[in-house]
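Trainee: Numbering (the working numbering), first residue to last: 2 to 432. We treat Cβ as the ideally placed atom computed from N, Cα and C, and that holds for glycine. Values in this document were obtained by computation on a predicted structure and should not be read as measured data.
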Ligand code: 4AD
Ligand code: MG
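#1: In the DSSP assignment, the alpha helix (DSSP H) including residue 164 goes from what residue to what residue?
#2: Quick check on DSSP: helix, strand or coil for residue 11?
#3: Exposed or buried, what is residue 14 when buried is set at 16 or more other beta-carbons lying within 10 Å of its beta-carbon?
#4: Whose CA, out of 101, 304, 334, 333, lies closest to the CA of residue 215?
#5: Between the C-alpha atoms of residue 27 and residue 260, what's the straight-line distance to the nearest angstrom?
#6: Please name the residue, chosen from 4, 425, 432, that lies closest to residue 218 on a Cα-to-Cα basis.
#7: Cα-Cα, which of 328, 273, 292, 277 is closest to residue 300?
#8: Between the alpha carbons of residue 276 and residue 242, how many angstroms are there, rounded?
#9: Is residue 165 near the ligand 4AD, with its Cβ less than 6 angstroms from a heavy atom?
#10: Which partner residues of residue 321 appear in the DSSP bridge assignment?
#11: In terms of alpha-carbon separation, which member of 331, 314, 58 lies closest to residue 348?
#12: Quick one: which unbroken beta strand (DSSP E) runs of 3-plus residues sit fully inside the stretch 7–66? Chain order, please.
#13: In whole angstroms, what separates the C-alpha of residue 48 from that of residue 258?
#14: Consult DSSP for residue 431 and reduce its assignment to one of helix, strand or coil.
#15: Going by C-alpha distance, which of 230, 291, 264, 77 is nearest residue 395?
#16: Comparing the CB of residue 192 with every heavy atom of the ligand 4AD, is any distance shorter than 6 angstroms?
#17: Does DSSP put residue 73 in a helix, in a strand, or in coil?
#18: Taking residue 428 as the reference, which of 160, 213, 414 has the closest Cα?
#19: How many angstroms separate the CA atom of residue 316 from the CA atom of residue 324?
#20: Sort 221, 162, 37 by Cα distance to residue 178 and report the nearest one.
#21: Please look up how many angstroms separate the CB atoms of residue 99 and residue 65, rounded, as I've assumed it's under 8 angstroms.
#22: Under the assumption that residue 1 contacts residue 45 (Cβ atoms under 8 angstroms), give the Cβ distance between them as a whole number of angstroms.
#23: For residue 262 versus residue 172, is the C-beta spacing smaller than 7 angstroms?
#24: Let me check one thing: in DSSP terms, what residues is residue 355 bridge-paired to?
#25: Could you give the first and the last residue of the continuous beta strand (DSSP E) run that contains residue 224?
#26: As a quick exercise: from 297, 417, 292, 20, pick the residue whose alpha carbon is nearest that of residue 308.
#27: Within the structure, which residues are defined as neighbours of the ligand MG by a Cβ-heavy atom distance below 7 angstroms, reported in chain order?
#28: Enumerate in chain order the residues of its own chain whose CB-to-CB distance from residue 1 is below 7 angstroms, with the five nearest sequence positions on each side excluded.
#29: Could you spell out where the alpha helix (DSSP H) holding residue 371 opens and where it closes?
#30: Tell me whether residue 180 sits in a helix, a strand or coil according to DSSP, three-state version.
#31: With residue 400 as the anchor, note down where its beta strand (DSSP E) starts and where it stops.
#32: So, residue 103 versus residue 67, is the Cβ gap smaller than 7 angstroms?
#33: What residues are listed by DSSP as bridge partners for residue 125?
#34: In the structure shown, what three-state DSSP assignment does residue 139 receive?
#35: Is residue 145 close to the ligand 4AD? I mean its beta-carbon at under 6 angstroms from any heavy atom of the ligand.
#36: I'd like to confirm something about residue 234: is its beta-carbon nearer than 6 angstroms to some heavy atom of the ligand 4AD, or not?
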């Protein structure tokens with residue numbers, strides 16, 4: 002007997018096969034029992050006809066509860082009316098582990114209940130679709146950089162200093178060496194890697210002790226960060242738009258089934274093609290003013306502001322040249338206007354907001370020392386970083402894309418908590 006996956010049923014039509022999985026749902030009608038089997042690759046209906054199977058099999062099929070683990074043997078039949086296009090004409094059923102009273106039933110549950118049962122909620126078809134899209138996005142990200150001359154160079158998670166401001170640091174004791182922090186961004190190390198390898202990226206977990214309880218914030222999230230030597234802000238924008246086009250178009254091509262399960266309207270995603278619109282911070286402020294928002298120049302955009310700005314476009318918009326005051330210490334100033342940093346944020350449409358943050362980096366040693374002091378950061382922790390400006394400093398740029406915000410946008414989700422198997426948020430550390 003061949004052990005096969007639901008996703009491969011098309012290759013086995015007319016043959017007797019065995020499937021291993023869990024009971025997703027079931028119904029019966031007289032002499033027929035319909036068991037929906039899910040195996041992680043898909044869901045298929047297995048039909049038990051009383052006249053075709055032993056009395057024990059028919060009784061078992063009747064008794065077992067949702068999420069019992071089972072082995073089903075039967076013949077693969079084409080069935081246009083079935084969701085996947087196939088059905089199993091079942092001849093045998095073996096129970097691997099019988100389950101009863103599974104807490105998550107097809108009825109509606111509140112979000113807190115589902116989050117408390119996240120370890121089980123993951124089994125539902127919407128959640129598995131999201132996780133499949135996430136995995137495909139990760140691969141598309143890696144493929145893009147690997148195929149465009151970038152070297153993967155990982156950066157540390159335990160770090161001695163802040164990268165993105167001191168207010169969102171998680172700290173822990175580090176033997177006799179004092180405190181270390183969970184990384185907020187691998188960028189500073191990526192800059193060192195770029196001076197060694199030219200074009201690099203790091204991709205891994207990132208931590209922010211975010212006090213914000215929003216649908217866009219996690220305390221633990223994944224970020225991919227490319228960093229490129231001899232690249233200015235324009236090169237950075239070109240890289241960002243090519244990268245986004247590749248990722249989104251790849252998902253549209255490869256994840257049609259999952260996006261259908263999620264009932265994602267992909268009209269706007271189809272537009273994610275080079276060139277993406279580019280506007281300055283000043284122009285973005287003007288958009289807000291035209292919409293009647295009382296926005297003061299110099300402030301950072303809130304989630305609501307980002308939504309208004311991005312709603313003016315039918316694809317992601319790149320916003321550049323922010324007030325230096327609200328941006329990180331390492332950003333290079335605009336030579337045309339000292340008040341501005343050569344920063345870049347990419348805002349996704351449909352209210353998803355910032356998915357990319359980046360900049361051209363300050364490459365002048367004295368200016369950088371000055372900034373570190375002005376930001377009240379301990380200079381001694383940055384000695385190694387300053388070396389990059391002493392020994393062969395070059396113009397360089399990079400950005401970070403938040404994986405979970407990207408998954409949320411591409412899947413069209415209401416909240417970031419569903420984009421990662423076990424989300425960490427201000428009010429949740431379990432399961
Ligand atoms: O804009 P951020 O803070 O930029 C940096 O960390 C730079 N050092 C990156 C670089 O230039 N190499 O964060 C980058 C992205 C954001 O645009 C957002 O997508 C995501 O990381 N992000 C978060 N995602 C989920 N939850 C949070 N709390 C996030 N904070 C940032
Ligand atoms: Mg940012």
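Mentor: The structure says:
#1: Segment: none, residue 164 is in no alpha helix (DSSP H) and carries neither H nor E.
#2: helix
#3: exposed
#4: 304
#5: 25 angstroms
#6: 425
#7: 328
#8: 7 angstroms
#9: yes
#10: 281, 345
#11: 314
#12: 17–30, 33–39, 44–50
#13: 24 angstroms
#14: coil
#15: 230
#16: no
#17: strand
#18: 213
#19: 24 angstroms
#20: 162
#21: 6 angstroms
#22: Only positions 2 to 432 of the chain appear in this structure, which leaves residue 1 out of reach.
#23: no
#24: 348
#25: 221–230
#26: 292
#27: 346, 355, 358
#28: No statement about residue 1 is possible, as the shown extent of the chain runs from 2 to 432 and does not include it.
#29: 366–375
#30: strand
#31: 397–403
#32: yes
#33: Paired residues: none, contrary to the question.
#34: helix
#35: no
#36: no
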